[in-house]
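Quick notes on the structure that follows.
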Amino acid sequence: MPEKKLPVLETKKLGITFGGLKAVQDFNIQIYQGELVGLIGPNGAGKTTVFNLLTGVYVPTEGTVLLNDVPLNGKKTHQFVAAGVARTFQNIRLFKQMTVIENVKTAFTKDIRYNMLDATFRTPKFWKAEKEMTEKAMDLLAICHLEDKADVIAANLPYGQQRKLEIARALATNMKVLLLDEPAAGMNPTETAELRRGHPADRARHVPGDERLRAHPGHRLRPDHRFRPAGGDRQQPQGHRGLFG
Ligand SMILES: Nc1ncnc2c1ncn2[C@@H]1O[C@H](COP(=O)(O)OP(=O)(O)OP(=O)(O)O)[C@@H](O)[C@H]1O
Ligand SMILES: [Mg+2]
Numbered sequence: 738m739p740e741k742k743l744p745v746l747e748t749k750k751l752g753i754t755f756g757g758l759k760a761v762q763d764f765n766i767q768i769y770q771g772e773l774v775g776l777i778g779p780n781g782a783g784k785t786t787v788f789n790l791l792t793g794v795y796v797p798t799e800g801t802v803l804l805n806d807v808p809l810n811g812k813k814t815h816q817f818v819a820a821g822v823a824r825t826f827q828n829i830r831l832f833k834q835m836t837v838i839e840n841v842k843t844a845f846t847k848d849i850r851y852n853m854l855d856a857t858f859r860t861p862k863f864w865k866a867e868k869e870m871t872e873k874a875m876d877l878l879a880i881c882h883l884e885d886k887a888d889v890i891a892a893n894l895p896y897g898q899q900r901k902l903e904i905a906r907a908l909a910t911n912m913k914v915l916l917l918d919e920p921a922a923g924m925n926p927t928e929t930a931e932l933r934r935g936h937p938a939d940r941a942r943h944v945p946g947d948e949r950l951r952a953h954p955g956h957r958l959r960p961d962h963r964f965r966p967a968g969g970d971r972q973q974p975q976g977h978r979g980l981f982g
């Protein structure tokens with residue numbers, strides 16, 4: 738019998754309550770290898786909260802997050818990253834005074850193969866590892882079309898390129914799942930189009946069982962698609978907000 742395909746990321750009845758507010762309730766999703774899924778909903782629907790639940794920033798009050806069928810309950814954010822979940826933030830978080838390439842290299846921390854003494858005395862082991870990390874970082878910058886910006890201070894990049902740098906840094910964690918929280922927010926149409934280039938998603942599907950949040954590949958969003966937000970009123974989704982697109 739063929740082996741049943743397991744989702745890379747799965748949630749079961751995931752939910753969180755802040756005081757009396759049920760921000761996310763009964764959120765069920767399965768994401769398979771190679772899939773690209775968008776999470777859409779109006780302002781305050783709970784998209785960022787889902788991302789925070791999927792990365793250990795918030796501890797769910799109900800339900801489970803599984804990565805390759807392994808529950809991540811009780812794990813800290815750095816353990817989510819080590820397990821293979823990477824993200825970007827709705828409000829960009831970079832080391833603004835560091836260069837572009839330094840920002841990417843910070844994400845390799847868990848892979849560093851030299852110790853403090855190697856770093857202090859600049860041993861051959863240090864230089865070899867540094868060279869490898871620089872090459873890997875340059876590859877990731879090239880994927881994000883930032884290779885000619887490697888030595889620029891992050892704060893001096895235009896907004897759209899800062900967003901791309903966040904993505905490069907998330908990719909550097911060697912993740913299994915990449916979560917992008919409103920990656921196109923604040924970008925102009927050209928930057929958004931560039932971000933969408935090479936977009937592999939071609940399947941549209943919904944997450945059953947949640948009235949407010951739907952998972953949906955970005956470029957198949959129907960403008961007439963309607964959602965029920967936290968308050969219960971029907972609202973129009975915000976264009977492509979909340980999508981990886
Ligand atoms: N730490 C918290 N404490 C209390 N309430 C919170 C907390 N985090 C989120 N919320 C509430 O949960 C709800 C969902 O917020 P969330 O930021 O996840 O929405 P969103 O879908 O990402 O919205 P937007 O499109 O504006 O980014 C909101 O009512 C918000 O005020
Ligand atoms: Mg949000």
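Convert by adding 737 to the 1-based position in the sequence shown; the result is the number in my numbering.
All C-beta atoms in this analysis are idealised placements derived from N, C-alpha and C, irrespective of residue type, glycine included.
Endpoints, the alpha helix (DSSP H) within which residue i is located
i, result
"V796", "Here V796 belongs to no alpha helix (DSSP H), and DSSP marks it neither H nor E."
"N765", "That residue, N765, is in no alpha helix (DSSP H); its beta strand (DSSP E) goes 758-768."
"V837", "837-843"
"L883", "L883 -> no alpha helix (DSSP H), and no H or E assigned at all."
"F858", "853-858"
"G897", "896-908"
Residues sharing a beta bridge with residue i, DSSP
i, result
"T801", "K749"
"P920", "In the DSSP output, where bridge partners are listed per residue, P920 has none listed."
"P926", "Note: P926 sits in no beta bridge, so no partner."
"F755", "L758"
"P808", "L803"
"I829", "Partner(s): none; I829 has no beta bridge."
"I849", "The partner list for I849 (beta bridge, DSSP) is empty, contrary to what the question assumes."
Whole-number beta carbon distance between residue j and residue i, since they are thought to touch under 8 Å
i, j, result
"A819", "R906", "No, A819 and R906 are not in contact; Cβ-Cβ is about 15 Å, not under 8 Å."
"L877", "V841", "6 Å"
"R800", "L751", "The residue asked about is misnamed: residue 800 is Gly in this sequence, not Arg. Confirmed, Cβ separation roughly 4 Å."
"N765", "K749", "6 Å"
"Q767", "E747", "5 Å"
"M870", "G897", "Not really, about 26 Å apart at Cβ, beyond 8 Å."
"Q827", "A922", "7 Å"
"F817", "G793", "4 Å"
Residue i CB to nearest heavy atom of ligand 1 below 7 Å
i, result
"T748", "no"
"G775", "no"
"A782", "yes"
"G897", "no"
"A894", "Per the sequence shown, residue 894 should be read as Leu rather than Ala. L894 Cβ: outside cutoff for every heavy atom of ligand 1."
"A760", "yes"
"T754", "no"
"G778", "yes"
"Q827", "yes"
Start and end residues, beta strand (DSSP E) containing residue i
i, result
"A823", "822-824"
"L916", "914-916"
Neighbourhood of residue i by C-beta, 6 Å cutoff - its chain only, sequence neighbours within 5 removed
i, result
"A866", "R850, Y851"
"A874", "I838, V841, K842"
"T860", "none"
"K913", "V745, G821"
"F863", "Y851, D855, A856"
"L908", "L877"
Beta-carbon proximity list for residue i, same chain, < 8 Å, skipping 5 on both sides
i, result
"Y795", "I753, T786, N789"
"I904", "T825, C881, L915, L917, P920"
"T836", "A887, D888, V889, I890, A891"
"P808", "T801, V802"
"N911", "G821, D848"
Sequence-distant residues of the same chain with beta carbon closer than 7 Å to residue i, five excluded per side
i, result
"P960", "With a pLDDT of 31 at P960, under the threshold of 50, the modelled position of this residue cannot be trusted, and the question is left open."
"N810", "T801"
"I829", "Q899, R900, E903"
"P797", "L751, G752, I753, L790"
"T814", "T792, G793, V794"
"L883", "V837, Q898, K901, L902, A905"
Residue i CB to nearest heavy atom of ligand 2 below 7 Å
i, result
"E931", "no"
"E884", "no"
"E919", "yes"
Contact test: residue i Cβ vs ligand 3 heavy atom, cutoff 7 Å
i, result
"T785", "Questions concerning ligand 3 fall outside what the structure shown contains, since the ligands it does hold are ligand 1 and ligand 2."
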